[in-house]
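>
Protein chains in written order, with this note's numbering: chain A, 119 to 766; chain B, 119 to 766.
If you want it as structure tokens, here you go:
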């Protein structure tokens, strides 16, 4: 898709955006304020701009009179820029800051098919079976084994007893072709690319005829808040369907701790297991429906989740994860039959969970490290996963260190009064007019504002700080006055979107919300510092910071540095890889070598336990400030205190 | 137990029998006729003898007057000989043949514990688990693996997911001792005795504390007619309980063919599977109850059965076993979880079925060959299993050849009007007074006669032939007359025990019964000949004939040769090993090396398909005569035709 340049007058600000971007999104990207309180859904009519030149597509109907349209007026939220264009702003603040040049490199989604070498760990092969005769009375199983050896060089060690029920009819199908699904006996075992020792394989499924032309796998990310699934075509490596769903366990608590508390109640573990199974089944159903494939074409499911999510999916005890010394039942999860666990897939299809490292560094992080390539590269990288909890990995191809930061779920919308995931209606970006303190919000899918997601929360905090709405301690500035700042049931709060603007309820952010966010970012930052310190390194040594997490795609690095969530280093060193856990699961689906790598990563990663580390606590307290109590760590910070008065 | 000598007068016949043997059994052993129509239960009073000298124990009460007892009269069936004794017969026939000296060697039950080297394939080991700490946050599974490696040198490749549910509590038991059950990933894999490659092991069970001092295994023989089970103490190798049960599938047919016909009906396979499971559960319950052990102390179950029985137990398709070219689904059965199959044992306990060779040469034969030692010895042996079907193995440690003879179930009592298994009341031996044609019968457990078991049928046929009641074609001799020979609904029949003698119903043997027996023995004999011919050998080359089968213990070789069921070679070359299938299963329970041997035996055995072999058919027809149409094969036979007239 080609880019077009949008010039905003009278500010003489230009921004290059993909063709088809709305004027509102372009303005947000350029740091230009347009009043937009409905989130971009076209219902408030307050985001009027005037088209000076260029071609645009306008949403039909709406709140503008024909006369207005003739005069060039448009609603910024409903107008897509199709060529280079000049847009005149109607109301602009003289205090509008010049747009900063801090743009972040956005990692292109890796070309999975080429990134993943070799055959999948679980693979289907088609063999021709000899017909039995009085001179060849070998059993069906023996003839199958013989064909596998002669036609593919495989000599499976084991055979799932369930296969025996399908075998007689399969080997007698019209053309005597049988498709066999082979699984490695352990997830450590490489899939046998010719090099290395022969893999230890087990036959887990047989089907009549050659079904290999239609072979798919499902990659799943089991997030504490959200579940994501992707259906992959194993011939091409292409992702052909995507689905997501809230983790239905959310009704039992926002974070892993409350889930574990629930799990210890009588029957709790079963409830939690059923909840996540229900969510995963909804994802599987939707992937199969959207792609229009036969469920029998799925050869395997690979899922990555944190240690608690993985344990709860398997119905395992989490009591000892919760209490010191935080011991999981298992980190290297054995392969399972997905259907026996309760997933809606045909019998025999295996489910492999990503190996974990420790109680609070799970398979999702291992998958993320796998996807980021960190473990294969020479340069020093910091991997950050800002999900319901915060996990970080420091290292390169020679060594890996990891820690969990107890950041809490604030950056996934948890613990915020109006927090929500990045679903339609979630405020994902904010701009505050420094003069009027009026908000310009963009919501996911430009739907009526319903809440605040992670990237929105960061944007809000950054905007509040730079406009002086809050001070460096995260408290509402008593010198600021605006009809949108009010006292609510939880203390001071700011109304980001009024009920009459969104047709729903007031969307607010409260002082306790801000405190939760402050704690979360402080935990993350203290975590980076501790890991670097263990390796006798500093922020300046980081050659790349890889940011994973569901909101990775929407996170604004400038804003994240502003609030001290990310270190103040050169912006080109940051890359986003989005949902790295899902990406890693996809790679492991496509390549057995990648799955084996995941095992190596999990075994080689040194886990640093921060929860009882006094150095961590000290650094955490020091980071409970915006951006940080140590100003030397944020040399480029725009300190808001100097501007607080100007905002009045 | 010491032996005592019983002398029967006036015939001057002596026999050495174990102290405590009844006079009736001693007479049968000596070939001396005593009228005894009730089977030895002491109700007919017709087996009167007179004690001349010696000490005897008499059953109290009974049919003798005090006067009779004072005069030395006793009932032979209720009188046990406690010292050397002389017994006077009351009615003796002048025609009584002198007892033949043909005594058969009876193989002592092998000393299992010493015969079986090395640890069991499935073994329990106890490990001490390190307590987790903040400096050792390894998962429970990782600490278990580490302990197994450090304390026993085991490095299991796999872990049953079900184990993860027991693991957290097990590793936190009072003393942090955990007992782990390890299973080889394939039954071919040797159990690792130090020599050879390390075994590929899977962890299938964990239990808190050290449970290894109480470790038991169950060996099972799944016969078409009868199920047998033995509980073994794995520390000592001792068999501590024995149980048997009819195979409840019997209600769906006597032999494997009728079972397979039933299995093809809608729902038939499930019915047959449930039936055998019910029988096996009754055996397991009884073993556990009799031994007074905790079910959790059982580490594994190993079962041997013919190919059809094994398939039906697993609920597998038998359609292609039934029809040419007779293809089983599988011969090398993968290990299963016994409880998941439906056996009443705790979760996780594995069931291993003995590997089979072909459709009609099953795991029972492999187990029998294992038990007989045939496959490890230099001399040429013929192994004969006379069960519901007849299977034979010819060979030595260098080569093995096998065939199934379609003998039918006659020798297990199947296809006989009054046929039954060797349960109390089954006629197991017969003697006919050559003058009066009056029968002397011995029943199992000396209970009232209820039917005829396999050894009884052979005894009957031999007696009928030598007394001329039947001719060499197996037809009733029209020149014989006796109130016991009559015309019944199926043709001519002989009343072995009258209803008034046994308090029940007439027990008869009919001409069609005799014809079934003739067919069965002809098939067996033709089978021996075919296998020997394939190896260019003759009966004279046989150094040993090993006779297996449930009735092995009771079979009289002289009688079996008389009817042509066994070849006419030197009697000392015959050994009985009883239920060799159960014995082999016991050995495999005790020793993983033995179980691995079973795999080797099954792979190395050449199956000769006789069903379509014209040479077999010719030999079968030639054997449909008593003992055989080729008199040269039975040089020692007593030809009854010369005596037929004398019996009148």
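Note that CB positions come from ideal geometry on N, CA and C, so glycine has one too.
Between the alpha carbons of residue 611 of chain A and residue 533 of chain A, how many angstroms are there, rounded?
Between residue 611 of chain A and residue 533 of chain A, the alpha-carbon positions lie close to 15 Å from each other.
> Relative to the alpha-carbon of residue 685 of chain A, which residue among A:752, A:334 and A:567 has its alpha-carbon at the smallest distance?
The candidate whose alpha carbon is nearest that of residue 685 of chain A is A:752.
> Using Cβ-Cβ distances below 8 Å, what residues of the region 734-747 of chain B are close to chain A?
none
> Going by Cα to Cα distance, which pick from A:257, A:498, A:463 and A:518 is closest to residue 719 of chain A?
A:518
> For residue 159 of chain B, count neighbouring Cβ atoms within 10 angstroms of its own Cβ and tell me buried if that reaches 16, exposed if not.
buried
> Closest to residue 707 of chain A by CA distance: which of A:119, A:242 and A:203 is it?
A:242
> Report the three-state DSSP secondary structure of residue 129 of chain B (helix, strand or coil).
Shown here, residue 129 of chain B sits in coil according to DSSP, grouped into three states, outside any helix or strand.
> Quickly, what does DSSP pair residue 603 of chain A with across the bridge? List them, please.
A:612
> For the putative contact between residue 326 of chain B and residue 296 of chain B, defined by C-beta atoms under 8 Å, what is the C-beta separation to the nearest angstrom?
7 Å
> From this set, A:492, A:385, A:442 and A:291, which residue's C-alpha is nearest residue 247 of chain A's C-alpha?
Residue nearest to residue 247 of chain A within the set A:492, A:385, A:442 and A:291 is A:291 (criterion: CA-CA distance).
> Could you pull the DSSP bridge partners for residue 244 of chain A from this structure?
A:297
> Between the Cα of residue 635 of chain B and those of B:678, B:604 and B:667, spot the shortest distance and give me the residue it belongs to.
Considering only alpha carbons, the answer is B:678.
> For residue 737 of chain B, which of helix, strand or coil comes out of DSSP?
helix
> Would you verify that the beta carbon of residue 476 of chain A is, or is not, closer than 7 Å to some beta carbon of chain B?
yes
> Check distances from the C-beta atoms of the region 420-444 of chain B to those of chain A and list, in chain order, the residues that come in under 8 Å.
Residues passing the 8 Å Cβ filter: 432, 433, 434, 435, 437, 438, 442, 443 and 444.
> Quick check on the DSSP output: what are the complete alpha helix (DSSP H) runs of length 4 or more inside the region 626-708 of chain B, in order along the chain?
629-652, 675-680 and 698-708
> To test your reading of the DSSP string, which unbroken alpha helix (DSSP H) runs of 4 or more residues are found completely within the region 309-397 of chain A?
374-382
> Which residues bound the alpha helix (DSSP H) around residue 508 of chain B?
Careful: residue 508 of chain B lies outside any alpha helix (DSSP H), inside the beta strand (DSSP E) at 508-513.
> Report yes or no: do the region 732-749 of chain A and the region 262-269 of chain A share at least 3 C-beta pairs separated by less than 8 Å?
no
> Once DSSP output is grouped into helix, strand and coil, what is the label at residue 168 of chain B?
strand
> Would the region 607-624 of chain B count as touching the region 560-576 of chain B if we require 3 or more Cβ pairs under 8 Å?
yes
> Please list the partners that residue 257 of chain A has in chain B, where partner means a Cβ-to-Cβ separation under 7 Å.
Going along chain B in sequence order, the residues near residue 257 of chain A (Cβ under 7 Å) are 445, 446, 447, 448 and 449.
> Under a Cβ-count criterion, where at least 16 other Cβ atoms within 10 Å of its own Cβ denotes burial, should residue 639 of chain A be classed as buried or exposed?
buried
> State the DSSP-derived secondary structure class of residue 730 of chain A, mapped to helix, strand or coil.
coil
> In chain order, what residues of the same chain have a beta carbon less than 8 Å from the beta carbon of residue 320 of chain B, not counting five sequence neighbours either side?
274, 275, 276, 277, 278, 300, 301, 302 and 303
> Flag residue 285 of chain B as yes if its beta-carbon sits less than 7 Å from any beta-carbon of chain A, otherwise no.
yes
> For a test of the three-state rule: what should DSSP assign to residue 746 of chain B, helix, strand or coil?
Correct three-state label for residue 746 of chain B: coil.
> Which one of B:550, B:692 and B:695 has the shortest CA to CA distance from residue 146 of chain B?
B:550
> Quick one: does residue 312 of chain A have its CB under 7 Å from some CB of chain B?
Confidence in residue 312 of chain A is poor, its pLDDT being 44 and thus under 50, which makes the residue's placement unreliable; the coordinate value appears in the next sentence. False, the Cβ-Cβ gap to chain B never drops below 7 Å.
> Roughly how many angstroms lie between the CA atoms of residue 377 of chain A and residue 414 of chain B, to the nearest whole one?
33 Å
> Please name the residue or residues paired with residue 470 of chain A in a DSSP beta bridge.
Answer is A:420, bridged to residue 470 of chain A.
> Shorter than 7 Å from the beta carbon of residue 727 of chain B to some beta carbon of chain A?
yes
> Take residue 201 of chain B and list the residues in its own chain whose beta-carbon comes closer than 7 Å to its own, dropping the five residues that flank it on each side.
Contacts found: 122, 172 and 173.
> Compare the Cα-Cα distances from residue 494 of chain B to each of B:131, B:716 and B:251 and report the closest residue.
If we check each option's Cα against that of residue 494 of chain B, B:716 comes out closest.
> What does residue 468 of chain B touch in chain A if you count any residue whose Cβ is under 8 Å from its own?
By Cβ distance, chain A contributes nothing, its closest Cβ being about 11 Å from residue 468 of chain B, past 8 Å.
> Do the CB positions of residue 428 of chain B and residue 481 of chain B come within less than 7 Å of each other?
Here residue 428 of chain B is near residue 481 of chain B, since their CB atoms are less than 7 Å apart.
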